[in-house]
Amino acid sequence: EQSNIYVSPEDCQQDNPEATGQCLAAYESALEEHNRTAPKFDTQNDCEYEFGNDRCQYVQTSSGSFFMPFMAGYMVSQLLQPRPYYSQPLYTSFSPYSPFRSRWVTSNGYVFDGDIRRRSYNAPSSVFEKKPTVNRTIKRGGFGSSVRAKSSWGSSGSKSKGWGG
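Numbering follows my numbering, with no gaps: position 119 of the sequence shown is 120.
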C-alpha cells in the first residue's frame, strides 16, 4: 500500500492541509501503538546501544520500569481515502552498532529500504497488522540481532511475533 512517513502531526499537515484532524488522529494512534509494542530494555545502556545516545526514555508502570526508544516517526496509509486509514510507529537508530542505523524500522523489526530521508514507500499490508503487546524486556543487541537476521532474509516483509511479547 502506498504509505507516507511523517515525524510529527505538523509534518503530515504540511502534505495534507485538508486532513488536519486525520493527521493528528494517525499520530495519536501510532503513539498508542508505540507505547504498547515498542522494544523494551532493562537498562538505558542496552536501549542506547541499539538506538543511540539520548534516544531512549525511562518508563515506570505498575508492573515495573524499563527503557524504550522514542518513536522517531510514523507511517500512514490511506489517509485521504473514505475507508479507514492505518498508522504504525517507526524507529531509527543513530548507534554505530545498529543494523538499522539511519533506516526506518517497525516495532517488529521490518526494515525499510533506503535511509530516513525517504518518506514514501509501497509498504506491504503486513506492516499495518496489529502487533502483540510487548511485556518483557530484551537485552543489549537483542533487537539489532533480530533485525540483522531478518535483513539477511531480505526486507520483503518477514513476519514476526514482536519483541519480548
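Ideal Cβ positions, reconstructed from N, Cα and C, are used throughout, including at glycine.
Beta-carbon spacing of residue i, residue j below 8 Å
i: valine 60; j: methionine 69; result: yes
i: proline 94; j: glutamate 51; result: Note that residue 94 is serine in the sequence shown here, rather than proline. Yes, the Cβ-Cβ distance between serine 94 and glutamate 51 is below 8 Å.
i: isoleucine 139; j: proline 40; result: yes
i: serine 9; j: glutamate 49; result: no
i: leucine 80; j: glutamine 23; result: yes
i: serine 99; j: aspartate 116; result: no
i: phenylalanine 71; j: glutamine 58; result: yes
i: glutamate 11; j: serine 126; result: no
Same chain only: Cβ atoms within 6 Å of residue i, ignoring 5 sequence neighbours per side
i: serine 4; result: Met76, Ser78, Tyr122, Ala124
i: glutamate 34; result: Pro90
i: aspartate 43; result: Thr138
i: glycine 53; result: Ser94, Phe95, Ser96
Cut-off 7 Å between Cβ atoms - residues of its own chain near residue i, not counting five sequence neighbours on either side
i: alanine 26; result: none
i: serine 30; result: Ser88
i: phenylalanine 129; result: Ser78, Tyr87, Gln89
i: glutamine 14; result: Thr21, Cys24
When the options are compared against residue i, the one with the closest alpha-carbon
i: leucine 32; options: Val112, Arg119, Ser96, Gly74; result: Gly74
i: tyrosine 7; options: Phe67, Ser126, Trp105, Thr44; result: Trp105
i: arginine 137; options: Cys57, Thr21, Asn46, Ser66; result: Ser66
i: tyrosine 111; options: Arg119, Asn46, Phe101; result: Phe101
i: aspartate 16; options: Lys131, Arg120, Val135; result: Arg120
i: arginine 56; options: Ser63, Asn46, Ser64; result: Asn46
In DSSP terms, what residue i is bridged to
i: tyrosine 122; result: Ser4
i: cysteine 57; result: Pro70
i: isoleucine 117; result: In DSSP, isoleucine 117 forms no bridge with anything.
i: phenylalanine 42; result: Phe68, Ile139
Own chain partners of residue i with C-beta closer than 8 Å, once the 5 adjacent residues on each side are dropped
i: tyrosine 28; result: Tyr7, Ser9, Pro10, Cys13, Tyr75, Ser88
Requested in this report: Jot down the residue ranges of each uninterrupted beta strand (DSSP E) in the stretch 60-112, minimum 3 residues, whole runs only, in chain order.
Outcome: 65-70, 74-78, 87-91
Query raised in the report: Mind pulling the alpha helix (DSSP H) runs of 4 or more residues that sit fully within the stretch 7-32?
Result: 10-16
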